[in-house]
Each structure stands twice: as structure tokens, then as C-alpha cells.
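Presented below is the structure to which this report refers.
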Amino acid sequence: AAYVEVIHTDGSGLFSNGIGTALGDIDIYANGGSNQPGCLTNTCSHERAYELFAASMYNTNLNAAPCSSSTQLNLNLCRGNPLPIGGVRLSKTGSSRIYRINTKRNYPF
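Position in the sequence shown counted from 1, then plus 85, gives you our numbering.
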């Protein structure tokens, strides 16, 4: 693929279903990348990734903030020019490849 955007929703912990390691051109960590709002299981958190991507097709307000370090990501201190996630078709370039998006428990997130 020429461009890969990864949405991490369940990437930490012994029993997680996902991967927390940055793998794509852009890696977006929803709510820090684990334990999604409204989810009581790892499977629910893991499935939130495709739900967020699907929501991005209709909701252009799903924006992630760039993170300059994992500390900034983990402490929810990412700031800067927002990046629309998922389905928005535009040039996605910049100095950061790690982003954080804070979401709610239900659509439209």
C-alpha cells in the first residue's frame, strides 16, 4: 500500500487483541490505544477500530492531535494541527506519525 493509517484501540495489556506498536505511515491511538469508553472487554475495545473508521466516512469531525513522544500520548498532552482520521481524502503529511484522538462511548464518537 502507498499509505497505511493504523487506528489502535486495544494495543496494551497481557490479554489485548491488538498491537500497540506504531506500524503505519500514521498511527492513531484512540483514547491512548486501549480501554475504549463504553467497553468492558478487550474484544469491544478492539472492534472500536473499525467502528471509528466507518464513522470517519460520515463524520469529518473525527480529528487526531499530533504527539511528539509516547509520554505526551500516554498523558493526553498531544497538541497541534488536527488530522482528520480515516476516510477523509486529503494529503496527510507532517512531521508526526503518532496521533491521539479522544472519543466518546457511542457514535458519532
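Just so it is clear, CB atoms sit at the ideal spot from N, CA and C, and this is done for glycine as well.
Check, Outcome
"For the alpha helix (DSSP H) containing N127, list its first residue and its last residue.", "N127 to S141"
"Go ahead and pull the three-state DSSP assignment for L168.", "strand"
"Once the 5 residues before and after D110 are set aside, which same chain residues still bring their CB inside 6 angstroms of it?", "Y88 and V89"
"Less than 7 angstroms between the C-beta atoms of S141 and I170, yes or no?", "yes"
"Please state if the CB of A150 and the CB of P122 are separated by a distance shorter than 7 angstroms.", "no"
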